[in-house]
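Trainee: Residue numbers (the working numbering): 1 to 386.
Glycine is no exception: its CB is placed at the ideal position from the N, C-alpha and C atoms.
The structure displayed is predicted, hence computed values, not measured ones.
This is the structure, below, for whatever I ask next.
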Ligand SMILES: [Zn+2]
């Protein structure tokens, strides 16, 4: 394959740069990189392509008739409502998900971790649908999956066997859901998850909504299980509202443990509840990223899959306003997200995959404030959108 050079770019510090790609990788990057046939990028800001570390592609209603959200008091009510909405929908999951993936790619995302529902009433149908999706999109987006027990794991007989089958089929990560709040058997759920991951070489990604000390206790237990199972660097906790609800000294103790064990955190940075304090956790060495979670689904009709907007929401949520803050916000949707989901060869360095996005902006803060819609997306050195 011949090389392609993208010239007249601007890096995160506003300095001119250029990127030469060859065989899908970055061959060289810097102000002195040049080629007679270089593509003039018009002085646009270049970022490593966005990484979506947490979404539920199988449940999106993207492109379907409008379905308003529903207010509910308990997590269980949302779960039951979603079953009704999806049960009435006849569009195959991979068709709905494919429409959304097209949108995400156009916005600059080239790698996605999606949770897939696994439950007795649907069996492995969503897993099979998402495998068809992955095959159809393999030339444009890197997809990795989590087997997700949305209705509970131990409290729904049959789910554990389906989880085992999903991992055997090629799902890379074992999911979990509020071991205490949903299953009412925190030790049982965690033992199952970590045993399965250790036996199969899979990673772990647990949705943890349980609040306050109950949530924090489960974070500590997840750390214990991670150490015991030898799964350092392979575990993510999604949401972890509890880490925004505990005393500073306790947060620091837990944060240091998470950093030591390479346990990463994902937040959708919701506005209505405490969230993990990203800046402090980054200081402690914890990988913390932002993700979309559900996009236009039965939980909420909001969300659009734009990781630049999700980074903006983090900046807005924490009142970030310095250039350093804005670089941090972008990193939550790029390199922190890549590290969190174990993406190899990521970032704007020679030898890494040539995946990047060009934005009509002069600085990270400018990009976050205006979130320009027109973007050029490069994957493995070739323009795939924009
Ligand atoms: Zn989720």
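Have a look at the DSSP bridge pairing and note the partners of residue 205.
Mentor: Paired residues: 175, 236.
Trainee: In its own chain, which residues sit with a C-beta less than 7 Å from the C-beta of residue 21, not counting the 5 before and 5 after it?
Mentor: Answer for residue 21: 3, 4, 27, 354, 381, listed in chain order.
Trainee: Judging by CA-CA distance, which residue of 280, 53, 45, 8 is the nearest neighbour of residue 37?
Mentor: Ranking the options by Cα distance to residue 37, first place goes to 8.
Trainee: Taking its Cβ as the centre, do 16 or more other Cβ atoms sit within 10 Å of residue 71, making it buried, or is it exposed?
Mentor: Exposed is the call here.
Trainee: From which residue to which residue does the alpha helix (DSSP H) around residue 78 run?
Mentor: Counting along the chain, the alpha helix (DSSP H) containing residue 78 begins and ends at 75-88.
Trainee: Apart from the five residues just before and just after residue 219, which ones in its own chain have a Cβ nearer than 8 Å to its Cβ?
Mentor: Once the five neighbours on either side are set aside, the close Cβ partners of residue 219 are 208, 237, 240, 242, 243, 254, 258.
Trainee: Give every residue whose Cβ lies closer than 7 Å to any heavy atom of ligand 1, listed in chain order.
Mentor: Here the residues come out as 54, 56, 115, 207, 238, 293, 294.
Trainee: For residue 1, does the count of other Cβ atoms within 10 angstroms reach 16, so buried, or fall short, so exposed?
Mentor: Because residue 1 sits at a pLDDT of 49, beneath the cut-off of 50, its placement in the model cannot be relied upon, and the following sentence gives the value as read from the coordinates. Burial call: exposed.
Trainee: In its own chain, which residues sit with a C-beta less than 8 Å from the C-beta of residue 420, not counting the 5 before and 5 after it?
Mentor: Shown here, the chain extends from 1 to 386; a query on residue 420 therefore has no answer.
Trainee: Along the alpha helix (DSSP H) that carries residue 300, what are the first and last residues, could you check?
Mentor: Taken as a continuous stretch (DSSP letters only), residue 300 belongs to no alpha helix (DSSP H), as it is neither H nor E.
Trainee: Please state the DSSP three-state secondary structure of residue 129.
Mentor: Looking at residue 129 - three-state DSSP - the assignment turns out to be helix.
Trainee: Please classify residue 331: does DSSP put it in a helix, a strand, or coil?
Mentor: If DSSP states are grouped into helix, strand and coil, residue 331 belongs with the helices.
Trainee: What are the partner residues of residue 445, as DSSP defines its beta bridges?
Mentor: Residue 445 lies beyond the range of the chain shown here (1 to 386); nothing can be said about it.
Trainee: Out of curiosity, what's the CA-to-CA distance linking residue 150 and residue 119?
Mentor: Distance between the alpha carbons of residue 150 and residue 119 is about 7 Å.
Trainee: Quick check on the DSSP output: what are the complete beta strand (DSSP E) runs of length 3 or more inside the segment 240-303, in order along the chain?
Mentor: Listed in chain order, the complete beta strand (DSSP E) runs (minimum 3 residues) inside the segment 240-303 are 263-267, 288-290.
Trainee: Rank 117, 170, 313 by C-alpha distance to the C-alpha of residue 135 and give the top, closest one.
Mentor: For the residues 117, 170, 313, the minimum Cα distance to residue 135 belongs to 170.
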